Each structure stands twice: as C-alpha cells, then as structure tokens.
Amino acid sequence: MMVDIDLSQPPFSLLDESGKARVSKGVDLGYFDNEEIILDAGQPGEFVFIIHKGEVAELDSTLPGDQGRIGHYSAGDLFGAISIINGKSRYRFKAEQETLCYLLPKALFEQLCEAYPAFAEFFRQTLANKTRLLIEQRNEGGMTMAGFMLASIADCMRPPLIVGEATTVAQAAAALDDSHADSVLIQAAGRFGMVTKTDLLNALVLEGLDKGSPVLGIAQFTLVSAKPGDYLFQALVSMTRHKVSRVVVLENETPVGVVELTDVLSYFSSRSYMVSLEVEQADDLDALAVASARLPELVKALMAQGVRLRFVMDLLAALNGRIVNKAFQFIVAPPYQAQCCLLVMGSEGRGEQILKTDQDNALILADGSDWPDCAADMQRLTETLIKLGYPPCPGNIMVSNPGWVKSESAWRETITHWAAKRDGASLMNLAIMLDAHAVAGDATLLEGLRAHLFECCTRDELLLSYFARAALSFSTPLTLFGTLKKPEHGIDIKKGGIFPIVHGVRTLALERRIQPTSTLARLEALAEEGRLERDFAEDLGEALSLFAELRLQQQLARLEGRQKSEEPNRVVVQSLSSLERDLLREALGIVKSFKQRLSHRFHLEY
Amino acid sequence: MLRSIRRAADRRRQADGQYGWLFNPYTGDEMVSIDCETTGLDPKTAELVSVAAVRIKEGRVLISDSLDLRLQCPESLSGDSIKIHGLRGIDLDGGETLDEALEKLLDFIGNRPLLGWCIDFDLAVINRHLRPRFGFDLPNACLDMVNVYRREVRRTRPDLEPDLRFEAMAKALGVPVMGRHTALGDAVTTALMYVRLKNGSRRAS
Numbered sequence: 001m002m003v004d005i006d007l008s009q010p011p012f013s014l015l016d017e018s019g020k021a022r023v024s025k026g027v028d029l030g031y032f033d034n035e036e037i038i039l040d041a042g043q044p045g046e047f048v049f050i051i052h053k054g055e056v057a058e059l060d061s062t063l064p065g066d067q068g069r070i071g072h073y074s075a076g077d078l079f080g081a082i083s084i085i086n087g088k089s090r091y092r093f094k095a096e097q098e099t100l101c102y103l104l105p106k107a108l109f110e111q112l113c114e115a116y117p118a119f120a121e122f123f124r125q126t127l128a129n130k131t132r133l134l135i136e137q138r139n140e141g142g143m144t145m146a147g148f149m150l151a152s153i154a155d156c157m158r159p160p161l162i163v164g165e166a167t168t169v170a171q172a173a174a175a176l177d178d179s180h181a182d183s184v185l186i187q188a189a190g191r192f193g194m195v196t197k198t199d200l201l202n203a204l205v206l207e208g209l210d211k212g213s214p215v216l217g218i219a220q221f222t223l224v225s226a227k228p229g230d231y232l233f234q235a236l237v238s239m240t241r242h243k244v245s246r247v248v249v250l251e252n253e254t255p256v257g258v259v260e261l262t263d264v265l266s267y268f269s270s271r272s273y274m275v276s277l278e279v280e281q282a283d284d285l286d287a288l289a290v291a292s293a294r295l296p297e298l299v300k301a302l303m304a305q306g307v308r309l310r311f312v313m314d315l316l317a318a319l320n321g322r323i324v325n326k327a328f329q330f331i332v333a334p335p336y337q338a339q340c341c342l343l344v345m346g347s348e349g350r351g352e353q354i355l356k357t358d359q360d361n362a363l364i365l366a367d368g369s370d371w372p373d374c375a376a377d378m379q380r381l382t383e384t385l386i387k388l389g390y391p392p393c394p395g396n397i398m399v400s401n402p403g404w405v406k407s408e409s410a411w412r413e414t415i416t417h418w419a420a421k422r423d424g425a426s427l428m429n430l431a432i433m434l435d436a437h438a439v440a441g442d443a444t445l446l447e448g449l450r451a452h453l454f455e456c457c458t459r460d461e462l463l464l465s466y467f468a469r470a471a472l473s474f475s476t477p478l479t480l481f482g483t484l485k486k487p488e489h490g491i492d493i494k495k496g497g498i499f500p501i502v503h504g505v506r507t508l509a510l511e512r513r514i515q516p517t518s519t520l521a522r523l524e525a526l527a528e529e530g531r532l533e534r535d536f537a538e539d540l541g542e543a544l545s546l547f548a549e550l551r552l553q554q555q556l557a558r559l560e561g562r563q564k565s566e567e568p569n570r571v572v573v574q575s576l577s578s579l580e581r582d583l584l585r586e587a588l589g590i591v592k593s594f595k596q597r598l599s600h601r602f603h604l605e606y
Numbered sequence: 001m002l003r004s005i006r007r008a009a010d011r012r013r014q015a016d017g018q019y020g021w022l023f024n025p026y027t028g029d030e031m032v033s034i035d036c037e038t039t040g041l042d043p044k045t046a047e048l049v050s051v052a053a054v055r056i057k058e059g060r061v062l063i064s065d066s067l068d069l070r071l072q073c074p075e076s077l078s079g080d081s082i083k084i085h086g087l088r089g090i091d092l093d094g095g096e097t098l099d100e101a102l103e104k105l106l107d108f109i110g111n112r113p114l115l116g117w118c119i120d121f122d123l124a125v126i127n128r129h130l131r132p133r134f135g136f137d138l139p140n141a142c143l144d145m146v147n148v149y150r151r152e153v154r155r156t157r158p159d160l161e162p163d164l165r166f167e168a169m170a171k172a173l174g175v176p177v178m179g180r181h182t183a184l185g186d187a188v189t190t191a192l193m194y195v196r197l198k199n200g201s202r203r204a205s
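Quick mapping for you: the protein sequence lines, in order, are chains A and B.
Just so we're aligned: 225 in the UniProt record's numbering is position 225 of the first sequence, and the numbers increase by one with no gaps anywhere.
Just so we're aligned: 204 in the UniProt record's numbering is position 204 of the second sequence, and the numbers increase by one with no gaps anywhere.
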C-alpha cells in the first residue's frame, strides 16, 4: 500500500508475483532537495532509484554546460541500476526538483538479478532488444496476429517439387497433379527453373506444344527467391514488387521450398493483400485513387497488429511505387516509357514514407529521345498524383517543373555544377538526388546518373564536410525532456531525431558509394563494410524506427481528428509511458553520439 | 517537569529489568516515526486500533522494515472512528493482543528518539496502556512534527502564520500524502516531512 510503483511495466514486468512482492516490501523512500546530487560520478551504486515524484538530470561533468546533459528522468523512471552493475556510477545524477525516490537496495537488486535472468538481462540490453519488449508489451492480446506477421518463411513453405531436365510436359503435369502443387522446379545443368500450371496450360493450349516435348523449354530461370529465415512478410513484399505469385526458397543456392501466394494469404487474411490486389487490378485512375485512399487504413491495421515499422515501411514503399508506376503507365504512351526514367526522391525515394507526404519526383530523359509532349504529359502526371493523394511539393520539386525534367547529359552537368557550387540549395539538391529511386521507365538511366554523382562527390573531402554539416544543424533535444515550460509544445522528433540519422547515414553512404537508398539498407551496407560497428548500426536503425513510429502515431491521430496540432513532428514527452520515454531518451542519446562521430570524421568541431 | 520526574522514577525501577536498556541515552543516528489509529479523540478513553512505526536513517525512510500492527477489536470501536481509519471490527480479526503489540513496539523503537504528528496524543494513549502492563511510560526523547514545522516557518518566513493541519503541512513541504488515515501511511508521511525539512536546512547551513 505504501509502495506505489507500476510493477506492470518493464523491467518489473519481468518478475513473477513473488519477485514483485519482494520489490514492494524491499524498497525504502528517499527525499532529495532541488539541486542535490543524488549519485555522483565515480561513487559506488548503493541503490536503484525509482522516481515517485520529481525530476532528475543525468550529467557528464567532464563536458561543459548543456552538452554534458546525458538524460532526464521523471516520475516512474528508474536509474542507478547500471551503476550497481558496473560497480560505480559513470555520471552524476542531480535532482532538478525536490524529488522523492523509492530506493531498491543493492543487495536486493542483485538477488533479483540472480533469481530472474530476464530481469538482469533488461539492464544489459541494447535499444533494439528493449524496443522488442515494448512491442511485445503493446501486443499482449494482439500477439497472435503479430506472431503471424513475424512468422518466418520456413514456417509457411512447402517442399519443392523437383524434376530432372528430361521431364516431358505430360510427366510434369502428372507430377503436379500427384502432389497437389502449383509449380514444379526443373533441375538443369546445376540451375533451377520454374514451371507453373499456368505456364503448362499456355504452352499446351496457346502455343500448341506436344505433350511429349521437354518441359525445359518453357521453364523460367530467373527466380524470385528468398531465404528460409526471412520474414514471411518480406516474401509478400517481393511478390508485390515483382508481380509474381510464388517465391523459391533457396539455401546455399539449393531450393528447399516454395512459398505460394495462396499460402501467404492464409496467413495474412487481412486487407493488406487486398489493397495491393486492388492497386494491381485498377485499370483506370478512379480505381487507383480508391485503392490509394485505403493505404492509411492499411497502415493503421498493420500498426495495431504490432507489425514492426520497418516491414510496414517496406510494404508501403512497394505499394506507393506500384501506384506511381501505374499512374505513369496510364499517362505516358508506351514508346516513351522506355526512353525515360521516373524518379521518386526524398522520403519516398528512401522508402520511408508511410503516410503520403509531399511528392518529390523528377524525370531523366535518355539522350536523343524524341518526345514532343513531354512537358504536357508531366504536368498531367503531377496533377494525377495530387488526385491520388500525394500533395504537391512546396519546393516545387516535381516533374511539372521543367527544372526537374532533364536529359541524361543535362542532369550530369547539373550534378557537376551542384557539387562545385556547394551552397545550401545545391547541397540540398544533391541530398535529394542521392535518395532518388526509379519507379517507372528505364532504371539504368538512374544507375548511370548515380555513378556520376558518386564520381563527383566521394573524393571531395571538403564537399563531404559541407554536406555532413547539415546533420548537426539541430541540437538533440535531450535537455528539453520534461523541463519544458509548456509541455504541450513537445520535442521536435523530426529535427531532433530523424533528420540527423537520415542525413548522417546518407553522408556516409555518399562517402562509401553505397547504392541502396533506404536508411536501414544503407546502415546494413555500412556495417557490412565495417564503416560502422554492427551494434551501433543496429541501434541507429532501431532509434530511427522508434522516432518514425512516434511520429506515425501523431500523424494517425491527426488523420482521425483526435489531435488538432499543426505540428505533426512534435512529441509530447509527458504523454508517453515510462518505457517509451526510456526508449526515446536512449534513442536520442544514440543520435547524440552519432553526431559526435560525424563531427569527428568530417572535422566539424570548430 | 512531571514527565522527567516520572521518567527518573521509572528508570530506577526498571534498572535491572528486561527493559532497562530503553532508558539508556541513544547514541545512533536513527529516529522512529510513529502513529496510532484510535477509537476516539480523547486520550483518556481512546483505545488503540492500529500502531505503526518506521525508522529514519541518513535521510531515508526505511519503509522496507517498518512495523504495522493491527490490534484485536477494542470494545469502544464505534462507527465514528471507523469512518476515519476505515478499520471495521472484522478487519481486526486475528489482530494482536495489546500485550503482544506493545512488546513488539518497544522492541522496534528501542531507545531511539520518536517523531510524530501531534505526538503527545499518541504518547498519551500508548502510555495509558503501557504503564499498567509494563510499569513505565515510553522514556524516549520525543519530537513533535508540528513544533519542528512551526519553528522552521517562524525562522524562514516570520510573516506567515503556519497552517498546521496535516495535509496543509504536507502540501507546503511538497511531500505526497501516503495512505492518509492509516497508521503506517501517516507515520511515513510524517517521516518524509521531517526528512524534507532536515534536508533543506542542512543544505542551507
């Protein structure tokens, strides 16, 4: 009765009833005056502090002024555990208000750690693991659906039906019928090709092939493949992207299974596939607009089911890409489609757009192309996209603007010019171009241009340093935690969290000539190259997902009209749960150390 | 005056008894905050319903090792007091006998100084039961939180007339009221008020 700690929150939720009772019975109360130092750097940790009332700052006294602020804790938060584990405190904890804390003695804490390994593990965990905890907690109840969504391919694949290269069409058909399968794999010269029932039907009926002819002739050898450990969700994404209904599961280049679209569908009975089907089947703009308008609903459903944000992003990027691609095909006559390449840029190019934001797009025309109505067509494309729910770009970075429709060689010149000029606008344009992703037309045009961009920039240290500087332009809002005069102002999650990560990673990708455009894929590639430690890269990715998720919650709330704020990027810290706050604090800490690395690498200290 | 004479007499009588050590001067750095819930407000007739005590050490309130005793239902338990402390007859089933409770209380507080909010009332009720059974009054040094607070307000804000009601004091000191009208809750809140005041003046000096 005397102990008012929320034991249903991690880390205490990791204890059983008797463990929780030991906490309630074992804590004392401590009172600290404003400005009082609760635990100083270098002091041995004697207690875990759980704040009942008040606010505490975590300070690194070796750094001057506000830079030294590592974290901020308020009611419900916990600190001091790490100091006990490490033997002494690394930083200074100072009360910023009169503060009342529950004190969990060291001995009891150590006994609990010993008796409950999961509890002990909590304090050693990286951000990635803590986020998982948060998700698990949110999904108690909805857990089964999330379990489905996070099922791996191995859970859902069927064994492959493999036949030799001498197999005839009739034998293949018999084999398919015997095993109730839809597709058969042909092994020929160490490679594998696929023949589906539809292929057989077309070959026999449309092309009039003889029953006795070898099936090898109609096999498809470019396979859309996946690994058994991949998420089932990713299989769905690649099916959407490649417009096929099955993927082959390869392990060490050998097929170990096939995942059929129908199988995946039995897992995802929800509307996610329905929306992508609607997008595929739309044969006019109106139908496409209807499908497109259902995307926010899909996002909400997926989030409610606890699907991890990065998979939602992947799926949405694929769907948005298909929608833009369709619109392009409706408007641009086929002969011109091969002569140009439509790019989406900014967050859309990085595949990080979840709800529709401004359209950022551009067009590359092949050199020597002949397309008299290009400007009019592009004007219509922009207008169509507005109708489909993509608002116009306030900076006018759209294909309706002739400045963003250029021939390949003109683009090269422009990029060279931007790289040489290095002023604010040029750097921003370079950043936008660097995130470009081809959604329609001839993608090789973009590849050539990107190679040129890397050529212009990667060896220019000065340019890289100018480029990187933008990542530091907004301070990390750790200091603002809880101490805001008007808490409803919140902290700007985009400036404080998302932008520094995205731009910093983009800079490193530019330096290392990394092709992928999504921040998570870039991080993966940077870790692969050894440019970033894997742990750090994972934490950065996790931090980004967390920020994006918090922002998404705000945006969804705004869509539903629950929140009227004009500032979708502001997160009100006080409205978060203490675990969310803990995660946010940690994520912002990671952003801060990433910025320090950047400023060290690109000499931005002065 | 009367109290000190009584204490001297008690002390001589108890010198070789089981509780003689209670009369030794205290040398440690702990205090004990106590509170009682009773059946009435008149110290001459009120019976004990529950007694709680919690130690204060180095600015911490040791709630993990506190004493919280419920007594067997006294005859005078009436509707009026139940409305305040919320302990009905049935809640006191299985409670301690007065003898056991007082023995536990003596063991817990030892010769430490006592703290309480309007402690004279609690002392009067306890002593009324203690003397017939053990032959002495509580010999401990006593501190009344009301006096401590009044002195502090006089010193820092002589222009103010202090509001000495329990809740008002807690609010003025920024201390949350923990479990009001339970013996342990009031004892802990009083302890927190004390720690808060001592902390503040320690830093000021």
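Even glycine gets a Cβ: it sits at the ideal position worked out from N, Cα and C.
Owing to the predicted nature of the structure, the values given are computational and were not obtained by experimental measurement.
- DSSP, reduced to helix, strand and coil, places R70(B) within a strand of the structure shown.
- Residue-level contact check: V56(A) does not touch chain B, since none of the beta carbons of chain B fall below 8 Å from its beta carbon.
- At a Cβ-Cβ threshold of 8 Å, E96(B) and R70(B) count as neighbours.
- Relative to the Cα of Y31(A), the nearest Cα in the group A431(A), F12(A), S407(A) and I51(A) belongs to I51(A).
- By the neighbour-count criterion, in which 16 or more other beta carbons inside 10 Å mark a residue as buried, W404(A) falls on the buried side.
- Secondary structure of Q220(A) (DSSP, three-state): strand.
- Contiguous alpha helix (DSSP H) elements confined to the region 498-548 of chain A occur at 499-511 and 519-529, taking only those with 4 or more residues.
- Counting of Cβ neighbours within 10 angstroms places A189(A) among the exposed residues, the total staying below 16.
- One finds M2, V3, V27, D28 and L29 in chain A with Cβ atoms closer than 8 Å to the Cβ of I63(B), taken in chain order.
- Rounded to whole angstroms, the Cβ separation of Q187(A) and E165(A) is 6 Å, and the two are in contact under 8 Å.
- It is roughly 31 Å from the alpha-carbon of E30(B) to the alpha-carbon of G94(B).
- Listed by position along chain B, the residues whose Cβ is nearer than 9 Å to that of L463(A) form an empty set, because the closest Cβ is around 54 Å away.
- The bridge partners DSSP lists for Y31(A) are L100(A).
- Taking 8 Å as the cut-off, the Cβ atoms of F93(A) and F79(A) count as close.
- For L315(A), same chain residues with a beta-carbon under 6 Å away, outside a window of 5 residues either side, are V237 in chain order.
- Unbroken alpha helix (DSSP H) runs of no fewer than 4 residues, entirely contained in the region 165-193 of chain B, are found at 166-173, following chain order.
- Under the DSSP assignment, P132(B) falls outside any beta strand (DSSP E), being part of the alpha helix (DSSP H) whose first and last residues are I119 to F134.
- Listed along chain B is no residue with a C-beta nearer than 8 Å to that of D77(A); the closest approach is about 17 Å.
- With contacts defined by Cβ atoms closer than 8 Å, Q9(A) and L579(A) form a contacting pair.
- Counting C-beta atoms within 10 angstroms of its own C-beta, T39(B) has 16 or more neighbours from the protein chains shown and is therefore classed as buried.
- Every alpha helix (DSSP H) of 4 residues or more that sits fully in the region 141-212 of chain A is shown, in chain order, as 143-149, 169-179 and 197-201.
- In the DSSP assignment, L579(A) falls within the alpha helix (DSSP H) that extends over S578 to R601.
- For Y149(B), the uninterrupted alpha helix (DSSP H) segment begins and ends at M145 to T156.
- In this structure, L532(A) and I514(A) do not form a Cβ contact; the two beta carbons are roughly 11 Å apart against a cut-off of 8 Å.
- Look at D230(A): its C-beta is not under 8 Å from any C-beta on chain B.
- Taking a Cβ-Cβ cut-off of 9 Å, V49(B) has no neighbours in chain A, whose nearest Cβ is about 16 Å from it.
- Under the 8 Å criterion on CB atoms, K53(A) is classed as interfacial with respect to chain B.
- Exclusion of the five residues before and after I331(A) leaves D377, R380, L381 and T384 as the residues of its chain whose Cβ lies within less than 7 Å of its Cβ.
- Interface residue (Cβ-Cβ distance to chain A less than 8 Å): R180(B) is not classified as such.
- In the three-state scheme derived from DSSP, where H, G and I count as helix and E and B as strand, N361(A) is classed as strand.
- Contact note: E98(A) reaches chain B through G174 and R196, using a C-beta cutoff of 8 Å and chain order.
- DSSP places R13(B) in the uninterrupted alpha helix (DSSP H) bounded by L2 to Q14.
- With a threshold of 16 other beta carbon atoms within 10 Å, E586(A) meets it and is buried.
- Flagged as an interface residue toward chain A: G59(B), by a C-beta distance shorter than 8 Å.
- The three-state secondary structure of A557(A), taken from DSSP, is helix.
- Excluding its 5 nearest sequence neighbours in each direction, L363(A) has C-beta neighbours in its own chain below 6 Å: C340, L342, V399 and V405, listed in chain order.
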